[in-house]
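To start, the structure itself, in structure tokens.
There are 2 protein chains.
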Amino acid sequence: MVGLRAKGYRLTPQRLAVLRALVESPHHPSVEQIYGQVRLEHPMISQATVYRTVETLKEMTEVLELEFSGASNRYDGRRAEPHPHLVCRGCGSIQDLELPALVREATEVAERAGYELLGHRLDFYGLCPRCRGR
Amino acid sequence: MVGLRAKGYRLTPQRLAVLRALVESPHHPSVEQIYGQVRLEHPMISQATVYRTVETLKEMTEVLELEFSGASNRYDGRRAEPHPHLVCRGCGSIQDLELPALVREATEVAERAGYELLGHRLDFYGLCPRCRGR
DNA sequence: TTATCTGCAAAATGTTTGCATGCAC
DNA sequence: GTGCATGCAAACATTTTGCAGATAA
Numbered sequence: 732m733v734g735l736r737a738k739g740y741r742l743t744p745q746r747l748a749v750l751r752a753l754v755e756s757p758h759h760p761s762v763e764q765i766y767g768q769v770r771l772e773h774p775m776i777s778q779a780t781v782y783r784t785v786e787t788l789k790e791m792t793e794v795l796e797l798e799f800s801g802a803s804n805r806y807d808g809r810r811a812e813p814h815p816h817l818v819c820r821g822c823g824s825i826q827d828l829e830l831p832a833l834v835r836e837a838t839e840v841a842e843r844a845g846y847e848l849l850g851h852r853l854d855f856y857g858l859c860p861r862c863r864g865r
Numbered sequence: 732m733v734g735l736r737a738k739g740y741r742l743t744p745q746r747l748a749v750l751r752a753l754v755e756s757p758h759h760p761s762v763e764q765i766y767g768q769v770r771l772e773h774p775m776i777s778q779a780t781v782y783r784t785v786e787t788l789k790e791m792t793e794v795l796e797l798e799f800s801g802a803s804n805r806y807d808g809r810r811a812e813p814h815p816h817l818v819c820r821g822c823g824s825i826q827d828l829e830l831p832a833l834v835r836e837a838t839e840v841a842e843r844a845g846y847e848l849l850g851h852r853l854d855f856y857g858l859c860p861r862c863r864g865r
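First to last, the sequence lines map onto chains A and B.
Heads up: take any position in the first sequence, counting from 1, add 731, and you land on this note's numbering.
Heads up: take any position in the second sequence, counting from 1, add 731, and you land on this note's numbering.
This is the structure:
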């Protein structure tokens with residue numbers, strides 16, 4: 732699964748648990764949330780291990796990291812290639828968007844500028860329908 | 732200038748200096764860099780004041796903040812509305828992009844999802860022409 | 001067997017805050 | 001004169017790291 736072994740990494744129970752938590756959640760969880768989930772079955776795991784595993788998976792391009800300076804980073808274990816998101820400033824929820832034309836067009840522009848493109852961030856911040864009501 | 736006074740804020744030398752540093756730099760400086768610049772003329776200013784001023788200007792929609800979790804946030808005092816950027820992972824340089832059609836289209840999509848839109852982030856990460864050579 | 005991984009605690013980083021003093025108005 | 005702003009240092013939040021013991025291969 733995901734080829735940790737194939738790439739020379741050891742397949743530890745902790746890594747499997749973090750990976751499962753990431754793949755099973757559609758909510759773009761933070762390390763804190765992954766930690767809480769994983770601890771249900773691995774009470775002895777440490778946050779440091781979660782941080783390290785997430786970093787490893789990021790290097791393997793198996794998760795996508797969304798950085799937030801004021802708050803915790805969030806992780807997408809379901810779609811590791813960069814893609815657009817809707818981020819609610821009220822409740823912190825994050826949902827995926829499908830905008831393939833946008834991504835394609837944007838990518839072309841960046842490359843035309845002479846950049847070797849490594850990734851992108853196409854995120855929209857606002858209030859989700861639920862949070863608008865308050 | 733910029734109407735700090737008009738909005739009920741006091742016009743202090745520190746605030747003016749930070750504002751000037753922001754408007755004069757096209758490099759999307761960090762607080763650290765603004766601090767270094769401002770200190771040339773105000774040796775007694777503190778970093779806390781720069782942080783507080785930048786926060787104030789952000790609330791006034793006079794600067795745009797670009798968050799980076801691993802590194803310092805960067806600030807654009809020349810164009811406060813959200814707009815696309817090219818960010819070099821090698822040297823950290825940031826340059827503005829003009830993609831009005833992209834922004835318009837993207838905005839429509841987000842609003843169609845029922846969001847009250849507050850801002851967005853359309854950034855591209857890669858290696859600039861200079862850094863590609865290394 | 002052995003190099004990698006883990007848990008723990010401490011450190012590092014960027015940012016925010018409390019408080020006494022200073023200054024814009 | 002009054003209250004907002006500043007400087008300083010301490011507090012904060014998140015993430016990273018050093019190290020000794022554990023474990024996958």
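Even glycine gets a Cβ: it sits at the ideal position worked out from N, Cα and C.
Query: What's the call for A:Leu750, buried or exposed, on a 16-neighbour Cβ count within 10 Å?; Result: buried
Query: What's the call for A:Ala802, buried or exposed, on a 16-neighbour Cβ count within 10 Å?; Result: exposed
Query: Of all the CB atoms in chain A, is at least one closer than 9 Å to the CB of B:Glu836?; Result: yes
Query: Distance cutoff 9 Å, beta carbons only. Does A:Tyr856 sit that close to anything in chain B?; Result: yes
Query: Apart from the five residues on each side of it in sequence, which residues of its chain come closer than 6 Å, Cβ to Cβ, to A:Ser761?; Result: Ser803 and Arg805
Query: Of the choices A:Val834, A:Pro774, A:Gly864 and A:Arg863, whose alpha-carbon is the least far from that of B:Phe855?; Result: A:Val834
Query: Which two residues bound the contiguous alpha helix (DSSP H) that contains B:Arg740?; Result: Looking at the sequence itself, residue 740 of chain B is Tyr, so the reference to Arg does not match. Premise fails: B:Tyr740 is in no alpha helix (DSSP H) and is neither H nor E.
Query: Which one or two residues does DSSP pair with B:Leu853 in a beta bridge?; Result: A:Leu853
Query: By Cβ distance, which residues of its chain are closer than 8 Å to B:His773, with the 5 residues on each side in sequence left out?; Result: Pro744, Gln745 and Ala748
Query: Do you know offhand how far B:Ser777's Cα is from B:His851's?; Result: 31 Å
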